[in-house]
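Asks:
Numbering (this note's numbering), first residue to last: 39 to 496.
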C-alpha cells in the first residue's frame, strides 16, 4: 500500500544494509546474526543463573534445563495437535535460537535489565540504571512489546519484596522508574506512528496474537511446568530476591498473556526462563534429595533427556520437510532467475502479482511489493488473498480482473509453477487457460518455465 512509512523494525533493516555494505548474501548475514544472538543469550543466561546463587551443580542443571528443555509437543504433534512448543518460538529458548534472530536477542536483553535492576543482594545505582536503560532501549527497538513483561515483572517483584520486608526499597524503585521511562520512548513512538498512518493502523488491527488456553501452555512446557510446582513451593519458603524475581516474572507474564491486549501471546517472550529455573529448583531441592544417592545421576539424566524430545522432534520435522522438498523451503531455478531479473530490471516501488506463496519471496529477494504476501504483513490480508486466489483460479470476469489490477497498481505478473498449480494448468504455461488478455505482447522475461509479463501503465 502507498504510505509515508515509519522508522520500525530498525535492527532488521540494519542487517539488510550490512549485507549491502559487505556484499555478503542476505541469508548468510541473517543466520550469522541469529547464531551470535543465540550465543549471546546462552552466555547472558548463565550469568543470570549465577547471579541468582545456589550450588554449582544446581546452576549447571538450571543452565542445561533452560537451554534444551521443551514440552510435550513430541507427543501432541504426531497425534494431530500443534501445541505451543511447536509454533511459539518466542516463549522457548531453544526454539527461539533455532528459528529467529530477534527473539533470543530480546530475551538476552531482558535478562540484562533484570541483572542490572534486580540483582540479588545489591541495590542499583546510576551505573546499573544506565545499563538497564541502554539495554531497554535496544530491547524496545528489537522487540517493542518486550518492554512490557520486563517492567511488569519488576513492578510485581517490588510488590513481593514489600510484602516480605514491609518497606519499599526506594532507591531501586527510583532507578527502575528512570530506566522504564527511557525504555518506553521508542515503543511509544511506534504506537503513535502506527495510529497516525491509516495503512499501518490497518496492519496493526489485524496483527492479533491471542494466547492459547492455559492447558495448552501446561502441555507445551510439559515436564518443566510439572517440576516448577515444587520449585514454587521452595521459592515461597525461601523468599530470596532471586526466587521472588522468578515468581514475579511468571505472575506478570501470566497476567499479560490473558489481559485484553491484541498481542497477548507475545508477552510470553522468554517465559521458559523463569519456569526452567523454578523447575531446576524443584528438582534439586525437593525431588532429588528424596532419591537414593545412586539413582540421582541417572534420574537427572533421564529428566533432561525427556525434556529435550520436542526440540529433537522440531529438528526432525525441519529436516524431513527439506528432504521432501517443502515448497516454502525452495525456489525453482526459473523462479530464482525471475526474481533476479526483477531485482535488476524493475523498480522497487512496482507491484508484482503472483501466487500467495510466491508473494513471500518477491519482497525478500527481488524487492518489489506484492498484492498478497503474508497473513499479518499484508494489509487487509484475508480479502487480498481471496482476490489473488480468485484471479489465478480464473474466477474473475474480464471487467473484474481489470478493476483488480488497476486497484492494486499491478505492473508485473509472474507466472510460475505455484501460479499454474492454482490455475490447474499442469506444469506448462503454453495452452494455459489463464486469461492474460491484459498483458502486453510477449513476456519481458522467461526462464525455466517461469514468465514475467509487464502490464501497461494503469
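For each residue, glycine too, the CB sits at the ideal point set by N, CA and C.
To the nearest whole angstrom, what separates the beta carbons of residue 138 and residue 72, a pair I think is in contact under 8 Å?
Replies: Looking up residue 138 in the chain shown gives position 100. Looking up residue 72 in the chain shown gives position 34. Residue 138 to residue 72, Cβ: 7 Å. Contact.
Asks: Out of 111, 329, 379, state which residue places its alpha-carbon closest to the alpha-carbon of residue 482.
Replies: The count along the chain shown starts at 1 and reaches residue 482 at position 444. Selected option, being the one with the closest Cα: 379.
Asks: For residue 50, which three-state DSSP category applies?
Replies: By 1-based counting over the chain shown, the position of residue 50 is 12. Correct three-state label for residue 50: helix.
Asks: Let's test the definition: count the other Cβ atoms within 10 Å of the Cβ of residue 260 and tell me whether it reaches 16, buried, or not, exposed.
Replies: Locating residue 260 in the chain shown gives position 222, counting from the first residue. Classification for residue 260: buried.
Asks: Roughly how many angstroms lie between the CA atoms of residue 430 and residue 422, to the nearest whole one?
Replies: The residue given as residue 430 occupies position 392 in the chain shown. The residue given as residue 422 occupies position 384 in the chain shown. Approximately 13 Å between the Cα atoms of the pair.
Asks: For residue 395, which of helix, strand or coil comes out of DSSP?
Replies: Along the chain shown, one-based indexing puts residue 395 at 357. DSSP places residue 395 in coil when its eight states are reduced to three.
Asks: Between the alpha carbons of residue 269 and residue 44, how many angstroms are there, rounded?
Replies: If you number the chain shown from 1, residue 269 lands on position 231. If you number the chain shown from 1, residue 44 lands on position 6. Looking at the two C-alpha atoms, the distance is approximately 45 Å.
Asks: From residue 309 to residue 174, what distance separates their C-alpha atoms?
Replies: On the chain shown, residue 309 is found 271 positions in, with the first residue counted as 1. On the chain shown, residue 174 is found 136 positions in, with the first residue counted as 1. Taking the straight line joining both Cα atoms gives about 18 Å.
Asks: Grab me the residues of residue 195's own chain with a C-beta within less than 7 Å of its C-beta, minus the 5 sequence neighbours each way, in chain order.
Replies: Counting from 1 along the chain shown, the entry for residue 195 is found at position 157. Answer for residue 195: 156, 282, 283, 286, listed in chain order.
Asks: Which residue wins for smallest C-alpha separation from residue 52, given the options 323, 41, 39, 67?
Replies: Mapped onto the chain shown, residue 52 falls at position 14. Nearest C-alpha to residue 52 among 323, 41, 39, 67: 67.
Asks: Could you check what DSSP says for residue 284 in three-state terms: helix, strand or coil?
Replies: Along the chain shown, one-based indexing puts residue 284 at 246. Helix, per DSSP.
Asks: Does DSSP classify residue 493 as helix, strand or coil?
Replies: Position 455 of the chain shown holds residue 493. Strand, per DSSP.
Asks: With distances taken between CB atoms, is the gap from residue 340 to residue 266 smaller than 8 Å?
Replies: Translated into the one-based positions of the chain shown, residue 340 becomes position 302. Translated into the one-based positions of the chain shown, residue 266 becomes position 228. Going by C-beta atoms, residue 340 is not nearer than 8 Å to residue 266.
Asks: Quick one: is residue 191 buried, meaning 16 or more other Cβ sit within 10 Å of its Cβ, or exposed?
Replies: For the purposes of this step, residue 191 is identified with residue 153 of the chain shown, where counting begins at 1. Its Cβ being crowded by 16 or more others within 10 Å, residue 191 is buried.
Asks: How would you call residue 320, buried or exposed, if buried means at least 16 neighbouring beta carbons within 10 angstroms?
Replies: Translated into the one-based positions of the chain shown, residue 320 becomes position 282. It counts as buried.
Asks: Can you look up residue 485 in the DSSP assignment and give me helix, strand or coil?
Replies: Residue 485 sits at position 447 when you count from the first residue of the chain shown. Here residue 485 sits in strand by DSSP.
Asks: Please report the distance separating the alpha-carbon of residue 485 from that of residue 457.
Replies: By one-based count along the chain shown, residue 485 stands at place 447. By one-based count along the chain shown, residue 457 stands at place 419. So the alpha carbons of these two residues sit roughly 15 Å apart.
Asks: What is the rounded straight-line gap between the Cα of residue 385 and the Cα of residue 94?
Replies: For the purposes of this step, residue 385 is taken as residue 347 along the chain shown, with counting starting at 1. For the purposes of this step, residue 94 is taken as residue 56 along the chain shown, with counting starting at 1. Taking the straight line joining both Cα atoms gives about 59 Å.
Asks: Keeping to the same chain, check which residues put their C-beta closer than 6 Å to that of residue 364; ignore five residues upstream and five downstream.
Replies: By 1-based counting over the chain shown, the position of residue 364 is 326. Within the same chain, no Cβ atom closer than 6 Å to the Cβ of residue 364 is found once the five residues on either side in sequence are excluded.
Asks: Would you say the region 144 to 162 touches the region 174 to 185, given that touching needs at least three Cβ pairs under 8 Å?
Replies: Yes, they touch.
Asks: Can you determine whether any heavy atom of the ligand NAP sits closer than 7 Å to the C-beta of residue 313, and answer yes or no?
Replies: Only the bare structure without any ligand can be found here, which leaves the ligand NAP out of the picture.
Asks: Beta-carbon within less than 8 Å of residue 213's beta-carbon, same chain only, minus the 5 sequence neighbours each way: which residues are those?
Replies: For the purposes of this step, residue 213 is identified with residue 175 of the chain shown, where counting begins at 1. Excluding sequence neighbours, residue 213 sits near 155, 162, 163, 164, 166, 167, 170.
Asks: By how many angstroms is the C-alpha of residue 141 removed from the C-alpha of residue 181?
Replies: The residue given as residue 181 occupies position 143 in the chain shown. The residue given as residue 141 occupies position 103 in the chain shown. A direct Cα-to-Cα measurement between residue 181 and residue 141 gives close to 8 Å.
Asks: Go to residue 450, then tell me how far its beta strand (DSSP E) extends in each direction, as first and last residue.
Replies: If you number the chain shown from 1, residue 450 lands on position 412. Where residue 450 is concerned, the enclosing beta strand (DSSP E) stretches over 448 to 453.
Asks: Between residue 230 and residue 41, how many whole angstroms is the CB-CB distance? I'm expecting something under 8 Å.
Replies: Walking along the chain shown from the start, residue 230 turns up at place 192. Walking along the chain shown from the start, residue 41 turns up at place 3. Going by Cβ atoms, the distance from residue 230 to residue 41 rounds to 15 Å, so no, they are not a contact pair.
Asks: Excluding five sequence neighbours on each side, which residues of the same chain lie with their C-beta closer than 8 Å to the C-beta of residue 105?
Replies: Within the chain shown, the letter at position 67 stands for residue 105. Cβ within range, chain order: 80, 83, 131, 132.
Asks: Grab me the residues of residue 510's own chain with a C-beta within less than 6 Å of its C-beta, minus the 5 sequence neighbours each way, in chain order.
Replies: The requested residue 510 does not occur in the structure, where the chain is confined to residues 39 to 496.
Asks: Under the rule that 16 or more other beta-carbon atoms within 10 Å means buried, what is residue 119, buried or exposed?
Replies: What you label residue 119 is simply residue 81 of the chain shown in a count that begins at 1. Exposed.
Asks: Let me know if residue 61 comes out buried or exposed under the rule of 16 or more other beta-carbons within 10 Å of its beta-carbon.
Replies: Position 23 of the chain shown, counting from 1, holds the residue named residue 61. It is exposed - the Cβ of residue 61 has fewer than 16 other Cβ atoms within 10 Å.
Asks: For residue 407, name the three-state secondary structure that DSSP assigns.
Replies: As a first step, residue 407 is located in the chain shown; it is residue number 369 there, counting from the start. Strand at residue 407.
Asks: Near residue 90, which residues of its chain fall below 6 Å by C-beta distance, leaving aside the five closest residues on each side in sequence?
Replies: The sequence position of residue 90 within the chain shown is 52, counting from 1. These residues qualify, in order along the chain: 280.
Asks: In three-state terms, what does DSSP make of residue 126?
Replies: The residue given as residue 126 occupies position 88 in the chain shown. In the structure shown, residue 126 sits in coil (DSSP, three-state: anything other than H, G, I, E or B).
Asks: Taking the beta carbon of residue 122 as the centre, do at least 16 other beta carbons fall within 10 Å, making it buried, or is it exposed?
Replies: To locate residue 122, count along the chain shown from 1; it is residue 84. When all chains shown are included, residue 122 counts as buried.
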